[in-house]
Every structure is written in structure tokens, then in C-alpha cells.
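These protein sequence lines are chains A and B, in that order. With the first letter of the first sequence counted as 1, position 216 gets the number 218 in my numbering; the numbers rise by one all the way through. With the first letter of the second sequence counted as 1, position 33 gets the number 54 in my numbering; the numbers rise by one all the way through. In this text, a Cβ means the ideal position worked out from N, Cα and C, and glycines have one as well. Quantities reported herein were computed from a predicted structural model and do not represent experimental measurements.
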Amino acid sequence: MTVEEIRGVNEIDRFPIGMRVLAVDDDPTCLKLLDGLLRKCQYQVTTTNQAITALKMLKENRNRFDLVISDVYMPDMDGFKLLELVGLEMDLPVIMLSGNSDPKLVMKGITHGACDYLVKPVRLEELRNIWQHVIRRKVESKPQSKSNNNHEKSSQGNEGGDQNVKLNRKRKDEDEDVEENGHESDDDPSSQKKPRVVWSIDLHRKFVAAVDQLGNEKAMPRRILDLMNVDGLTRENVASHLQKYRLYLKRISHQANMVVAFGGSKDASSYMRMSPLEGFGDFRTLSSLGRLSNAAYAPAGILGRLNSATGVTLHSLMAPPLVQETQNKLRPVNHQNMNLFQDIPSSFDQCSNKPNTQLTDFSSVEESRIFTGTKLADFNSIDESRMFTGSNPLTDPSVVLGSKPSLKLSSTGSDSFNLLSSSSNFLDQNGNQPSNFSSNQLPIGENYGYSATVSGGIRSSITATAAVPLEAHGGGLVGEIMQNVNNQSLSNQKNGQYSKQDYSQYSQNAFSTLASLALASGGGGLSGPLSHGGLNGGTSALFKTEMPGLETKMRSGEDGFVVNNIYGSLDDLMTGMTKREQEARMMMDGEFGYDPYAFGPCT
Amino acid sequence: MDRNQMQMHRQIANIRKSLFDQEYLDEQFIQLEELQDNSNPNFVEEVVTLFYRDSARFLYNLDQALEKRPLDFSKLDSLMHQFKGSSSSIGAKKVKIECTHFRDYCNARNAEGCKRTFQHVKKEYTTLKKKLEAYFQMSRQTGPVERACRPR
Chain A
3 MTVEEIRGVN EIDRFPIGMR VLAVDDDPTC LKLLDGLLRK CQYQVTTTNQ AITALKMLKE
63 NRNRFDLVIS DVYMPDMDGF KLLELVGLEM DLPVIMLSGN SDPKLVMKGI THGACDYLVK
123 PVRLEELRNI WQHVIRRKVE SKPQSKSNNN HEKSSQGNEG GDQNVKLNRK RKDEDEDVEE
183 NGHESDDDPS SQKKPRVVWS IDLHRKFVAA VDQLGNEKAM PRRILDLMNV DGLTRENVAS
243 HLQKYRLYLK RISHQANMVV AFGGSKDASS YMRMSPLEGF GDFRTLSSLG RLSNAAYAPA
303 GILGRLNSAT GVTLHSLMAP PLVQETQNKL RPVNHQNMNL FQDIPSSFDQ CSNKPNTQLT
363 DFSSVEESRI FTGTKLADFN SIDESRMFTG SNPLTDPSVV LGSKPSLKLS STGSDSFNLL
423 SSSSNFLDQN GNQPSNFSSN QLPIGENYGY SATVSGGIRS SITATAAVPL EAHGGGLVGE
483 IMQNVNNQSL SNQKNGQYSK QDYSQYSQNA FSTLASLALA SGGGGLSGPL SHGGLNGGTS
543 ALFKTEMPGL ETKMRSGEDG FVVNNIYGSL DDLMTGMTKR EQEARMMMDG EFGYDPYAFG
603 PCT
Chain B
22 MDRNQMQMHR QIANIRKSLF DQEYLDEQFI QLEELQDNSN PNFVEEVVTL FYRDSARFLY
82 NLDQALEKRP LDFSKLDSLM HQFKGSSSSI GAKKVKIECT HFRDYCNARN AEGCKRTFQH
142 VKKEYTTLKK KLEAYFQMSR QTGPVERACR PR
């Protein structure tokens, strides 16, 4: 990070001069022209005529570039796909380039997250302005974190936007968008915490793993810190995070119960997309739950769509409406959660078995990885879901889900690309994929075994994407997400409620936003925060399903508020959630508790 | 600059002007010229050369595709789309116009129209190539010259 800082300083000073651009175009003539034009603008240009090479370069070091310009039509990979991958994983601004000025294509580019769409032949004047996108992106992430942190200053600059939270911290100063808060923290030598620690997915994952290892009851900040072995993290950081985490777990278990109970309600079914559960087949027994979860999972659908997640920018658009919808719907459902929850375990068990077979398909999980962007790999460590292990196994679905999902996630670990594509396939195809999804989820659900089963079951369907950690929340959430995924396909078949299109939009947005969020704030890592906040009811579902990091993202995307949370970093989330305990109650009804959070930043 | 050189310069300028007047080239070519500077002294020629080398394969593929029966219009269209993109990058105006006609015929699934237009495309392509080659050669002979007479 030091190097980054240094480089950052130099570049920031002269920005936009020296802005590092990666240009991708299969046509050598166009590429050379682009190269010349960009050099004329005094940018630092790297060119490649292969999308795959470009991705490799980006993966190696995301911070090597500030901006990516890519042609739409390329033989080795579709430009839109590259756009998704880059936008999701690396949260870099991407500009599309094409000889085709068809507005439909332009729309597609923008909805996929491109921050601009240029038509060939490109003119110098157009390129002179592209640096604005880099700044804009940084600025956009700032406000969200700010809104999230009601109580805490959103000291972390670039929380939302930057994937590398740690890097952000360091770069805060250099960053043009540096936040005052960050400076303030920096200026205060006596304050123990350096610029606020942003709990990135990565960081949170480590944290959860450490807590898991030590056992929630026995986890002490000092020991957790040692286990995590992260530079720059203080005991105080860990202590406060642990406190939030524990609150989160508690909240999740409450929610899980609610969710379970919720499943039984008839209203819920109407809201929820029953389909998700149904898709599982095995889950039919849990149908009641499923219903519950469906409603809650509405957002999950979004998750499912993560694959196709578009740019982050859209999330705000999407999330709010969806959230609201679900909120209303979920409300009735929640009431019954408690009751159902108890029953579900048994039924769940049955169901869970079957899905397991399908579990092999973790593509969904992987997808979530993709969304988390760089964190996907971390997802393996989503063991964090284990974070729930500390809680009451029976009543804490999260525990159930937590333990399993993480495992699953890791296995899927392979290429994000595959995931994305598979996930997208998953979503698009509706029919078959969802089941896979669910199956994957089952493993997670299994964890639920006990009370969690309900949620687990639900989750399993949804979790496919690694929602697992989230499931702990209330199961419902996880399930939701999974549900969404399934729902996506199922919904088309069944409910009209959350039509695929609806979700796709969300998912896209959700993912992108979530992904970015998750990455940015690392909130994803801790699904807890999300769940705590307002998830009580529906919202938690949203959060839950997502992978810790992912979830946060998704939540935001879906709920609209989630996004905010993510940016705010987990700390904020947790704090907020704690506060909203009361409100969460309300949320349980099916609303996404994070109203304040969710909508604020999103819109 | 001696008289001879001045004449050469004027000649080159005229050739260049006529290329624009006759619409062989458009503003994009000027963009290329603007990118040429001390750090990039032969930028324009490099790009044009690259274009001609690379686009040859498009023409070849298009020729092949046009031989097939029945014609695969979507493939023709996508090939031509790429070729058009390349051509427009160097400012090959007439070539680009013919490409557009070709694509129109493709969309209308007019095989005859496609084939006919393709011949035009090739003709314009070759003509421009010759003219540019002559232009560059002359420019090289007279040495890097100020582009004072560049029409704006």
C-alpha cells in the first residue's frame, strides 16, 4: 500500500495527466489510433487486443489502472461481458467503444455498468474528458458511506467505490476525493484508530474465521487480532467489530426465527415467490417457509441476477423500488416466523438432503464471488458464516448456514468468469438452473439442520450464491437470495410477482452495487452488520443471502439501503443495526429494516 | 527552403487537399495528423499502413463469404461492420460510405446489391491506398513539413 500511496500521490497531483488507462480492442488499427489519442491526452496507456489478456492484467493488479476502455465487439469475449467482470470485480470505470451507435446498444452498455459509451471513430475531445469518470466514481462512493454512517463519521473515503478497502484507507490522503473524516482521523494522533477501519469482505472474512476458530464465546479481541494477522488493525478495531458482530448474530437469530415463522403465512406466499422453494422440490415441505422466504427473497432474485449485475450505478435505482415492495410484502409474513421456524428444522432436514445432490453446482456461489469481485476468492473463507457458530445452533439459522456455506464457497473457487457465466446462465434459463442453485444452497441449508433448517432450506435455494453467511441471519435472507435466484427462474414460471425482469434489473444492479458495495465496504464480509441493521424482516434476508461481502452488496442493491450500508463499512452497519434493533422489529414484518439506511443512500 | 522543396511542399499540400475535396478522406484523417508530433513522427503513415495490412483479411473473408450459397447475411454484416470501423478510424470516407451501402443491402438481404457494393468498396479501398502511398512517399521525400496548409 505504501507504493500505492506514493504513486497515488504523484498521480493525484498531476491528475488527469498520467491517468492509467487500459485500452482493449481487437482491431489493431483502432487500437493504435486509440493509443495515439490517449497519449495525446497525456494519459499512461496500456493496450491489448485481447479481452482475456486485459482481464488478466486487471486481476493481477487492480490498482494498476484507473480506467478501462474497451471495444464492444471482440472475437474472444463480448465487450459487455468484460464490462461486467471488470465492473463487478474490480469496480473500475469502464468506457465502451463501438462502431455501432445504435441506441439499444448504448443502453445495454450503460445498463451493464459502463460509465460511458463512445462511438467510433473516437475524437480527441471526447477522450480528454474521460478522466471525469474516475473522479465521479470515487465521489459517488463517498456520499453513500456518509449517509450510512449516521452515527459515525464516514471517515473512510471511497468506501463504496473502492474494492480495496485497505488501500482506500491508505490512499485516502492521496485520493482526490479524500474525505475530511479520513483526514481528521489521521490528524488525531491520540485517537487509537487510524483512519477508520473499513471492514472489507476480506478483512471481515478473516475476522470471522478467527472468531470461528476461537469459538464465539471465547473469542477475545486480542486473540482474534493475532489470528487475523493483519497490519494496521488494532485491538480496539477488532473489539468494536466483535461487539457488532455479536449483536449481529443475535439479531440474525431473531430474524431467522421470524423468517421461519413467516414462511407459513399465506400472504407471504403471495408475495414471495414461491417458486424458489418449489424449484427445489425437496423444499416443498418448506414451502411455507419458502413462501416466507420468497417474499423476503425478492431481493434475492437480485442476487441471482448478480451475474448479470450491471454497473453499480444502477443499483440505487433498482434497489429502492424492490425493497419497498418486499418490505410491504414481508411484513405480514414475519409474524409467523417464529412458529414456523421450529417446525422447519425437521422438514428442512428432509429437504436438505436432496438438494445436496445438487449442491455440486456452486456456480452460484462462485458467482457471488464474482460479485464480490476480488473477494470472491475470499469467499472461501466465507466460513465466516461460521461466525454464527457461536450463536445458538438451533435458533440461529445463520449458524447452520454459516458453517456450510463457507465450505461450499471455497470449493467453487474457480474462475470468476465461469461463475459469472454460469450464474448468468442460471438466471436466464430459469428452469434448470435454479434447481442447481437450490441444491447448492442446500449444503448451506443443511447447516441449518436444526431450527435453522427453515432458513437453511430457504437459504439453500438461495444461498447458492454464497449467501450462506447471510442465512444465518434469519435464514430467510439467505433463502431469499437463493430464492431470488431460483425465483428468477421460477418466478417466471410461477409468480408473476417478481418477474425475472424485475429481478434481473435488480440483480444486475444489486450485484453491481452490491459487489461494489461489498468490496468497498467490506461489509459483505460481515453479513451480520447488514442483518443487524434493518434486516430484521425482509431485509435481513437480503443481506443474508449474500455472502458476507456479497450480501452487503446485494442488500444494498436490493433493498436500496443495503448499498448504503456497505459503503458505510461494516462498522457503520453494525452500529446502525444495533440502533435499529427496534426498528428491525418492525422490519421483521417483512420489510427491510434498513429503511433509513437503505433508501437513504440509494436514492 | 529552396525553390524545389517549396514546390514539392506545395504539391503535397495540393494532393492532400484534393484527397479531402474528393472526399477520399475526412476529418478523422486530420485527427491522425494532429496526433503526429515529435514523439510520434510517423504516426499517420503507421496507422494507415497498419490499416491496409490488417484490413486485407477482412476483404478476403468477405470475398469468401460472398462466394457461399446461400449468403450468410449476418456474417457478412458483422464482417463489414468491423471493416467499416477500421476504415473510419483512418478517415477513409468513400470506403466508409460504400461499407454503409453494403450493410444496407445486407439488411435488406439483397444478395446482388451486396455483391455489387462490395466491388465498389474494393475499388475505393484500392484507389485510396494508391493515393495515400503516393502521398506518403512524397512527404517522406520532402522531409517532415509543417502542416500549415492543412484545411480545417
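Proximity to A:Q44 across A:G20, A:K34, A:A211 peaks at A:G20, based on C-alpha coordinates.
For a Cβ distance threshold of 7 Å, residue set V68, L71, F72, D75, S107, S110, I111 of chain B lies close to A:T31, ordered along the chain. Near chain B, meaning a CB-to-CB distance below 7 Å, the residues of the region 117-132 of chain A are K122, P123, R125, L126. Across the structure, B:D23 and B:E48 are spaced so that their CA atoms are roughly 31 Å apart. The Cβ-Cβ distance between A:I54 and A:D78 falls below 8 Å. Going by DSSP, A:I97 is part of the beta strand (DSSP E) stretching over 96-100. Excluding its 5 nearest sequence neighbours in each direction, B:R161 has no C-beta neighbour in its own chain below 7 Å.
Of the other Cβ atoms in all chains shown, 16 or more fall within 10 Å of the Cβ of B:S76; this residue is therefore buried.
Secondary structure remark: continuous beta strand (DSSP E) runs of at least 3 residues inside the region 65-140 of chain A, in chain order: 69-73, 96-100, 118-121. Considering only beta carbons, the part of the region 81-114 of chain A lying closer than 9 Å to chain B consists of S100, G101, N102, in chain order. Judged by DSSP secondary structure, A:R22 falls within the beta strand (DSSP E) whose first and last residues are 22-26. When secondary structure is reduced to three states using DSSP, A:L227 falls in the helix class. Within chain B, no C-beta atom comes less than 9 Å from the C-beta of A:Y45; the nearest is roughly 13 Å away. Where A:T49 is concerned, the enclosing beta strand (DSSP E) starts and stops at 46-50. When C-alpha distances from A:H114 are compared across A:V74, A:T236, A:P123, A:T48, the shortest belongs to A:V74. The beta carbon of B:G112 is closer than 8 Å to those of L46, D47, E48, Q49, F50, I51, Q52, L53 in its chain, skipping five residues each way along the sequence. Counting every other CB atom within 10 Å of its CB across the protein chains shown gives A:M92 a total of 16 or more, marking it as buried. Bounds of the alpha helix (DSSP H) holding A:P30 are 30-42.
The three-state reading of DSSP puts A:L235 in coil, since its state is none of H, G, I, E or B. Between the region 83-103 of chain B and the region 115-129 of chain B there are three or more C-beta pairs closer than 8 Å, enough to call the two in contact. Bridge partners of B:N61 according to DSSP: B:D58. Rounded to whole angstroms, the gap between the alpha carbons of A:L229 and A:F209 is 8 Å. In this chain, the alpha helix (DSSP H) harbouring B:D42 covers 24-42. In the DSSP assignment, B:L46 is bridged to B:A113.
Here the alpha carbons of B:Q158 and B:N63 stand approximately 12 Å from one another. Not a single C-beta of chain A is nearer than 8 Å to the C-beta of B:N128. If you draw a 10 Å sphere on the C-beta of A:N65, you find 16 or more other C-beta atoms in it, and that means buried. No Cβ of chain A is located within less than 8 Å of the beta carbon of B:F157. Chain-ordered, the chain B residues with CB closer than 8 Å to the CB of A:G38 read L53, L56, N61, F64, V68. Taking one beta carbon from each stretch, the region 120-130 of chain A and the region 136-155 of chain B have fewer than 3 pairs nearer than 8 Å; the two do not touch. Taking a cut-off of 8 Å for Cβ pairs, the region 239-251 of chain A and the region 214-225 of chain A touch, as three or more such pairs fall below it.
The straight-line gap separating the alpha-carbon atoms of A:V121 and A:Q134 is approximately 18 Å. For A:V141, the closest C-alpha among the options A:A116, A:S103, A:P95 is that of A:P95. Of the candidates B:Y146, B:A132, B:S110, B:S110 places its Cα closest to the Cα of A:K34. Under the three-state reduction of DSSP output, A:D214 falls in the helix class. Cβ contact annotation for B:A132 (same chain, cutoff 6 Å, sequence separation greater than five): L92, in chain order.
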